[in-house]
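Let me begin by presenting the structure, written as structure tokens, before commenting on it.
Right, dumping it as structure tokens:
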């Protein structure tokens, strides 16, 4: 059995540090502890990869297209505004 | 030059297609964000008002923030003054673990480790069959988490920009982002666990 040091992170703590780690907001010491934990823990390494994937997939959402009717309405809104300007 | 700065130049020179392009790009994201603050029937109105305010404010926009940040700030201010939904969300201070505590053993290590889903999600995304699910999941997040995730991860804003748009401290922004992303990760895992 591996000897657990008081400074060692457990998985349940590590998952709470993922966002801080990705945001670069952990202290140097906290980052090193986190990385040391990852080095010995394939599950938390997988978890971190999944959080990265979650961010990546969410970032791939594209706005839905406007309907032709909405395009017309906004063109109309713009023209009305322009004519008020003059 | 980034696409928004180019649009801004065209807008100021009176190009109506530039305005329609801007609406194409931001109308739906703005609706989603507005619906987090006000009932969806009102959200449409708030976004319409925002577009008019954008046109009126074009000349005074100084470009100290990005065009995108400016748009969303106008939107959020309008949505807030229109009136918030009651009981919008859990206070930031309430604890909310990233992972269900029952998945860890007494020693704090994984008892029920994360299931693999990355490859399955990638191929379903490629097939165009995941985006709608992700949109639905975003809608299920608590309002304040959703607002942060929409701006950070869908719109790609920096944390500074999100703090400015939502009037959040850096720390609260990070807590909300952490909870929102953690919930989404769990929803991905649940989705692909069912497939097996």
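Chains as they are written, first to last, in my numbering: chain A, 1 to 86; chain B, 1 to 196. Where is the CB? At the ideal position from N, CA and C, for every residue including glycine. Small disclaimer: the values here were computed from a predicted structure and weren't measured.
Measure the CB-CB distance between residue i and residue j and report whether it falls below 7 Å.
i, j, result
"residue 181/B", "residue 54/A", "yes"
"residue 7/B", "residue 31/B", "no"
"residue 113/B", "residue 43/A", "yes"
"residue 174/B", "residue 162/B", "no"
"residue 165/B", "residue 73/B", "yes"
"residue 47/A", "residue 15/A", "yes"
"residue 120/B", "residue 188/B", "no"
"residue 68/B", "residue 107/B", "no"
"residue 75/A", "residue 20/B", "yes"
Over the uninterrupted alpha helix (DSSP H) stretch that includes residue i, give me the two end residues.
i, result
"residue 34/A", "28-40"
"residue 27/B", "16-37"
"residue 160/B", "159-166"
"residue 140/B", "131-140"
"residue 98/B", "Per DSSP, residue 98/B belongs to no alpha helix (DSSP H) and is neither H nor E."
"residue 4/B", "3-12"
"residue 20/A", "18-23"
Just mark residue i as buried or exposed, buried being the case when its beta carbon has 16 or more other beta carbons within 10 Å.
i, result
"residue 9/B", "exposed"
"residue 35/B", "buried"
"residue 68/A", "exposed"
"residue 41/B", "exposed"
"residue 145/B", "buried"
"residue 160/B", "exposed"
From the DSSP output, in three-state form, read off residue i for me.
i, result
"residue 110/B", "strand"
"residue 104/B", "strand"
"residue 148/B", "helix"
"residue 116/B", "coil"
"residue 68/A", "helix"
"residue 9/A", "coil"
Does any CB atom of chain D fall closer than 7 Å to the CB of residue i?
i, result
"residue 31/A", "The displayed structure is made up of protein chains A and B, and chain D is not among them."
- Query: Taking only runs of the alpha helix (DSSP H) that begin and end inside the region 40-96 of chain B, which ones reach a length of at least 4 residues, in chain order?
  - Reply: 40-57 and 67-82
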